[in-house]
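Pasting the structure below:
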């Protein structure tokens with residue numbers, strides 16, 4: 008009889024499906040696209056009681072996931088950025104890039120000094136050999152993430168929200184990579200559940216080479232997108248029945264006949280990174296469909312010919328365009344390819 012009651016209790020707890028949102032990284036451009044996309048979804052779900060129970064956010068996606076999991080609406084974040092309001096949640100340039108140009112210049116100066124010093128010592132050594140010899144003299148990055156940590160901490164406080172995973176009414180998981188052990192870690196779970204949300208976001212956003220690794224408790228962490236994309240497996244393992252994955256950055260086709268290879272080193276590296284991350288995501292989702300056959304996965308990502316998302320992922324100039332495109336394109340997507348997701352989240356919203 009006790010077994011029957013226990014089984015009935017489990018059935019009651021699971022009578023409502025668990026919904027999860029998994030947000031991949033994508034820099035400033037990608038984060039803005041995600042805010043726009045989720046504002047469109049939020050608009051369609053306004054009349055329903057459906058909400059996400061589990062939030063997974065990586066890199067830029069961790070910023071958005073942390074705010075949403077804390078109960079801040081996507082539409083509010085959208086309005087702040089669309090109208091460039093003077094608000095603690097407005098992610099302006101100073102949030103990511105140190106406002107002190109002297110510090111950045113000193114990092115570049117240190118880089119050039121180290122290369123020059125070891126090139127002279129090497130007497131004709133190849134560039135890889137020079138870089139290897141200079142490793143201890145090279146900077147670990149050009150920017151710090153102290154400003155981003157402060158942005159999340161003060162942004163949450165401005166809305167009366169706490170900075171602790173345990174204070175949330177839902178599950179928030181933020182992955183990063185321990186640069187020394189080469190292993191993925193998950194803030195918000197296990198031994199890392201006590202780490203403040205703002206520190207977890209900073210750790211997950213530490214793009215190697217761009218930012219210094221982010222230190223927490225004597226460990227150094229880098230971007231959660233290193234070797235991973237989306238981290239939808241964390242949502243499925245946490246018990247989600249439906250996982251909505253948003254991947255904002257995809258490889259771009261040639262733009263108006265101009266070869267990407269002719270657009271310079273930065274564009275080539277950006278394109279290569281997008282190819283790598285999208286392949287990781289597609290392979291990961293294929294394996295998850297086998298590993299979690301009872302979990303439904305839905306993927307939203309922009310088409311490859313979207314000009315608004317081809318600007319530098321860490322740039323701000325196209326961020327507002329990406330925000331608005333995320334909203335408008337997702338509204339159309341929800342009426343077509345995304346209709347099955349709407350039916351799962353809220354049948355009444357799908358009928359609108």
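Numbering (the working numbering), first residue to last: 8 to 359. Glycine is no exception: its CB is placed at the ideal position from the N, C-alpha and C atoms.
Quick check on residue i: does DSSP put it in helix, strand or coil?
i           : result
residue 11  : Its pLDDT being 46, under 50, residue 11 is placed unreliably in this model, and the coordinates cannot settle the point.
residue 88  : helix
residue 158 : helix
residue 255 : coil
residue 235 : coil
residue 36  : helix
residue 81  : helix
residue 343 : coil
residue 171 : coil
residue 275 : helix
residue 94  : coil
residue 294 : helix
Check whether the Cβ atoms of residue i and residue j sit closer than 8 Å, and answer yes or no.
i           : j           : result
residue 26  : residue 333 : no
residue 367 : residue 32  : Since the first residue shown for the chain is 8 and the last is 359, residue 367 is missing from the structure and cannot be characterised.
residue 177 : residue 303 : no
residue 223 : residue 208 : no
residue 242 : residue 29  : yes
residue 74  : residue 337 : no
residue 345 : residue 307 : yes
residue 152 : residue 213 : yes
residue 1   : residue 335 : Nothing about residue 1 can be read from this structure; the chain reaches only from 8 to 359.
residue 234 : residue 184 : yes
residue 43  : residue 331 : yes
residue 216 : residue 148 : yes
residue 290 : residue 254 : no
May I ask you to list the residues that DSSP assigns as paired with residue i?
i           : result
residue 178 : 61
residue 215 : 218
residue 304 : 250
residue 30  : 64 and 253
residue 227 : 222
residue 190 : 185
residue 150 : 218
In its own chain, which residues sit with a C-beta less than 7 Å from the C-beta of residue i, not counting the 5 before and 5 after it?
i           : result
residue 102 : 154, 155 and 158
residue 186 : 220, 227, 228 and 229
residue 24  : 248 and 249
residue 257 : 281, 285, 308, 309 and 311
residue 206 : 156 and 223
residue 78  : 168
residue 326 : 35, 36 and 39
residue 274 : 267
residue 299 : 243
Take residue i and list the residues in its own chain whose beta-carbon comes closer than 6 Å to its own, dropping the five residues that flank it on each side.
i           : result
residue 347 : none
residue 165 : 95
residue 312 : 260
residue 69  : 181, 208 and 211
residue 87  : 94, 96 and 97
residue 221 : 152, 209, 210, 213 and 228
residue 252 : 29, 237, 239 and 306
residue 63  : 29, 180, 238, 241 and 242
Which same chain residues, not among the five before or five after residue i, have their C-beta less than 8 Å away from its C-beta?
i           : result
residue 341 : 47, 48, 51, 348 and 349
residue 200 : 172, 173 and 194
residue 324 : 318
residue 60  : 25, 26, 27, 177, 178 and 247
residue 85  : 42, 43, 46, 330 and 334
residue 301 : 248
_Contact between the stretch 215-231 and the stretch 274-283 is defined here as three or more beta-carbon pairs at a separation below 8 Å; is this criterion met?_
Counting Cβ pairs under 8 Å, fewer than three are found: no touch.
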